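J.: Residue numbers (our numbering): -9 to 440.
Structure (structure tokens):
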């Protein structure tokens, strides 16, 4: 049925999925600039308030591995309409929330839907377009994946300057309702569901294991032993999950694809790039609001040039990759991110705002040169039958990495008595990520040429 899709139908599917992904990813980080406001209004500590962003990414990381089975079990039309419908429910709940618990529940529902939408988008685009267009198509996907979270804080800052934080949900709600209606009318059905049986034991192991392992990052603040216990329990359950997948005829996730060097190494590069992206855009608004004294709108505007530059270069990087490959792009991108980290590492209350803006913009340009090509390169050796599983695993690992990054960046910033020094620690942490990224890519090039 996919071969019968006309160019017009492919364009409709691409547009609808990219818009849905953009809205869900923008919603993911719209809370970043709102955290200080919500922290003050709801009288919760920053480490608790940041679960509105970290928890969102965590849930996406947990739910994404399930999406490969959902993609095969239901038609693409059923999956799109049900997940966008769930996002609408979560957004509506957030628009009327007046307690932190209800607000967190709204974010969880958004995250469940967002995780499925993101994997569904990537899998569908890889499937309906030929391999020689993969770089361009995944470049468009990468544009959305990078620019959505990058623009979220800016949009949020503009909204918060005129309205209260409820409007972060209220203004998104009609957009998603319109998108659902457009999908209902125009979205074609081009997939055939298979009679799959979802292994509930695997679901349990994945949910509890991932939750425990990732929650341990925050639990370490409450006590070393409780954090260590959560980490060990989570890691043990995930190990059992992995062993079980190798034994099942219909695994929840075909993790054997991780044995492919192109997939495992380039997915790691993409994960590290996402950690740098999401961590930096989390910590800069906190710094300029709490140290420099800017308001939410000003904090958001500081991120805007970087977000726009990221979007432009992500689209260009996809086309360049199709023509020339990943090597020059990724090496250039890593170099730019290292260069941009230097002024961020020495930020103080008196640092000129223009310098922060330029440094962040250069870092986002560098990130776009790494992120999209890494995603495309990760899929070069994936068989068509395994695309949905590769997409699910790639997205899950990236979102887990993002959750780790946002948690560690906030925790590191909160450790010293001075927030300025804490932010320096957080930026130094990204130096380590870039070093690992460079070593990983160097090893990949060596393996590829062998």
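All C-beta atoms, glycine included, are put in the ideal place defined by N, C-alpha and C.
Keep in mind it's a predicted model, so treat the numbers as computed, not measured.
Is it buried or exposed, residue 107, if we count other Cβ atoms within 10 angstroms and call 16 or more buried?
T.: Translated into positions along the chain shown, residue 107 becomes position 117. Classification for residue 107: buried.
J.: Which runs of the alpha helix (DSSP H) spanning at least 4 residues fall entirely within the segment 46 to 86, listed in chain order?
T.: As far as the segment 46 to 86 is concerned, its whole alpha helix (DSSP H) runs of at least 4 residues are 57 to 63, 66 to 85.
J.: How should residue 62 be labelled, buried or exposed, when 16 other C-beta atoms within 10 angstroms of its C-beta is the threshold for buried?
T.: Here residue 62 corresponds to residue number 72 of the chain shown, with the count starting at 1. Looking at its Cβ environment, which holds 16 or more other Cβ atoms inside 10 Å, residue 62 is buried.
J.: Check whether the Cβ atoms of residue 11 and residue 111 lie closer than 8 Å to each other.
T.: Position 21 of the chain shown holds residue 11. Position 121 of the chain shown holds residue 111. Yes, Cβ-Cβ distance for residue 11 and residue 111 is below 8 Å.
J.: With C-beta atoms as the reference, is residue 245 less than 8 Å away from residue 232?
T.: The residue you call residue 245 lines up with position 255 of the chain shown. The residue you call residue 232 lines up with position 242 of the chain shown. Yes, Cβ-Cβ distance for residue 245 and residue 232 is below 8 Å.
J.: Taking the C-alpha atoms as reference points, what is the distance between residue 431 and residue 243?
T.: To locate residue 431, count along the chain shown from 1; it is residue 441. To locate residue 243, count along the chain shown from 1; it is residue 253. Their Cα atoms are separated by approximately 25 Å.
J.: Should residue 89 go down as buried or exposed, given a rule of 16 or more other Cβ atoms within 10 Å for buried?
T.: Stepping through the chain shown from its first residue, residue 89 is reached at position 99. Result: exposed.
J.: Going by DSSP in three states, residue 132 sits in which element: helix, strand or coil?
T.: Counting from 1 along the chain shown, the entry for residue 132 is found at position 142. The answer is helix: DSSP assigns residue 132 an H, G or I state.
J.: Between the alpha carbons of residue 318 and residue 395, how many angstroms are there, rounded?
T.: As a working note, residue 318 is residue 328 in the chain shown. As a working note, residue 395 is residue 405 in the chain shown. Looking at the two C-alpha atoms, the distance is approximately 26 Å.
J.: Going by DSSP, what residue range makes up the alpha helix (DSSP H) through residue 265?
T.: Indexing the chain shown from 1 puts residue 265 at position 275. Residues 251 to 277.
J.: Mind pulling the alpha helix (DSSP H) runs of 4 or more residues that sit fully within the segment 118 to 200?
T.: Complete alpha helix (DSSP H) runs here, min 4: 124 to 150, 157 to 160, 163 to 176.
J.: If you draw a straight line from the alpha carbon of residue 402 to that of residue 271, how long is it in whole angstroms?
T.: As a first step, residue 402 is located in the chain shown; it is residue number 412 there, counting from the start. As a first step, residue 271 is located in the chain shown; it is residue number 281 there, counting from the start. Roughly 15 Å between the two C-alpha positions.
J.: Near residue 71, which residues of its chain fall below 8 Å by C-beta distance, leaving aside the five closest residues on each side in sequence?
T.: The residue labelled residue 71 in the question sits at position 81 within the chain shown. Cβ within range, chain order: 170, 173, 174, 177.
J.: Are the CB atoms of residue 339 and residue 400 nearer to each other than 8 Å?
T.: By 1-based counting over the chain shown, the position of residue 339 is 349. By 1-based counting over the chain shown, the position of residue 400 is 410. Contact: no.
J.: How long is the line joining the alpha carbons of residue 128 and residue 391, rounded to whole angstroms?
T.: The sequence position of residue 128 within the chain shown is 138, counting from 1. The sequence position of residue 391 within the chain shown is 401, counting from 1. Whole-angstrom Cα-Cα distance: 20 Å.
J.: With distances taken between CB atoms, is the gap from residue 183 to residue 54 smaller than 8 Å?
T.: Stepping through the chain shown from its first residue, residue 183 is reached at position 193. Stepping through the chain shown from its first residue, residue 54 is reached at position 64. Contact: no.
J.: Determine the burial state of residue 185: buried for a count of at least 16 other Cβ atoms within 10 Å of its Cβ, exposed for fewer.
T.: Mapped onto the chain shown, residue 185 falls at position 195. Exposed: under 16 other Cβ atoms inside 10 Å.
J.: Taking its Cβ as the centre, do 16 or more other Cβ atoms sit within 10 Å of residue 379, making it buried, or is it exposed?
T.: To locate residue 379, count along the chain shown from 1; it is residue 389. Its Cβ being crowded by 16 or more others within 10 Å, residue 379 is buried.
J.: Would you check if the segment 148 to 161 and the segment 13 to 31 touch, i.e. whether three or more CB-CB distances between them fall below 8 Å?
T.: Touching, yes.
J.: So, helix, strand or coil for residue 361, using DSSP?
T.: Position 371 of the chain shown, counted from the first residue, corresponds to residue 361. DSSP places residue 361 in helix when its eight states are reduced to three.
J.: Does the Cβ-Cβ distance between residue 346 and residue 330 come in under 8 Å?
T.: Here residue 346 corresponds to residue number 356 of the chain shown, with the count starting at 1. Here residue 330 corresponds to residue number 340 of the chain shown, with the count starting at 1. No, they are not a contact pair.
J.: Would you mind working out which of 354, 15, 314 sits nearest residue 46, comparing C-alpha positions?
T.: Translated into the one-based positions of the chain shown, residue 46 becomes position 56. Checking every option, the nearest Cα to that of residue 46 belongs to 15.
J.: Identify, in the order they occur along the chain, each residue of the same chain with its Cβ nearer than 7 Å to the Cβ of residue 114, setting aside the five sequence neighbours on each side.
T.: Indexing the chain shown from 1 puts residue 114 at position 124. These residues qualify, in order along the chain: 3, 7, 66.
J.: For the pair the segment 31 to 39 and the segment 129 to 149, tell me if three or more CB-CB distances fall below 8 Å.
T.: Not touching, per the Cβ criterion.
J.: Can residue 265 and residue 423 be called in contact, C-beta distance under 8 Å?
T.: The residue given as residue 265 occupies position 275 in the chain shown. The residue given as residue 423 occupies position 433 in the chain shown. Yes, Cβ-Cβ distance for residue 265 and residue 423 is below 8 Å.
J.: Return the residue from the list 118, 303, 355 that minimises the CA-CA distance to residue -4.
T.: For the purposes of this step, residue -4 is taken as the residue at position 6 of the chain shown. Of 118, 303, 355, the residue nearest in Cα terms is 118.
J.: Would you mind stating whether residue 252 and residue 160 have Cβ atoms separated by less than 8 Å?
T.: Position 262 of the chain shown, counted from the start, is the residue given in the question as residue 252. Position 170 of the chain shown, counted from the start, is the residue given in the question as residue 160. Not a contact, by the Cβ cut-off of 8 Å.
J.: Can you give the Cα-Cα distance for residue 248 and residue 284, rounded to whole angstroms?
T.: Counting from one through the chain shown, the residue named residue 248 turns up at place 258. Counting from one through the chain shown, the residue named residue 284 turns up at place 294. Taking the straight line joining both Cα atoms gives about 45 Å.
J.: In whole angstroms, what separates the C-alpha of residue 126 from that of residue 304?
T.: The residue you call residue 126 lines up with position 136 of the chain shown. The residue you call residue 304 lines up with position 314 of the chain shown. So the two alpha carbons sit approximately 10 Å from each other.
J.: Residue 322 to residue 263, Cα distance in whole Å?
T.: In the chain shown, the residue the question calls residue 322 occupies position 332. In the chain shown, the residue the question calls residue 263 occupies position 273. Those two C-alpha atoms are separated by around 13 Å.
J.: From residue 237 to residue 188, what does the alpha carbon distance come to, in whole angstroms?
T.: What you label residue 237 is simply residue 247 of the chain shown in a count that begins at 1. What you label residue 188 is simply residue 198 of the chain shown in a count that begins at 1. Roughly 14 Å separates the two Cα atoms.
J.: Since residue 361 and residue 205 should fall inside the 8 Å C-beta cutoff, what is the C-beta to C-beta distance between them, to a whole number of angstroms?
T.: Along the chain shown, one-based indexing puts residue 361 at 371. Along the chain shown, one-based indexing puts residue 205 at 215. The Cβ separation is near 27 Å, so there is no contact.
J.: Helix, strand or coil: how does DSSP classify residue 35 here?
T.: Sequence index remark: in the chain shown, residue 35 carries index 45 (1-based). Residue 35: coil per DSSP, three-state reduction.
J.: Could you check whether residue 286 and residue 94 sit closer than 8 Å to each other, using their CB atoms as the reference points?
T.: To locate residue 94, count along the chain shown from 1; it is residue 104. To locate residue 286, count along the chain shown from 1; it is residue 296. Their beta carbons are not under 8 Å apart, which means residue 94 does not touch residue 286 by this criterion.
J.: When every heavy atom of the ligand SAM is checked, does at least one fall within less than 7 Å of the C-beta of residue 72?
T.: Ligands are entirely absent from the displayed structure, and the ligand SAM is therefore not among its contents.
J.: Can you give the beta carbon distance from residue 51 to residue 389, rounded, assuming they're within the 8 Å contact cut?
T.: One-based indexing of the chain shown puts residue 51 at position 61. One-based indexing of the chain shown puts residue 389 at position 399. About 4 Å separates the two Cβ atoms, so the contact holds.
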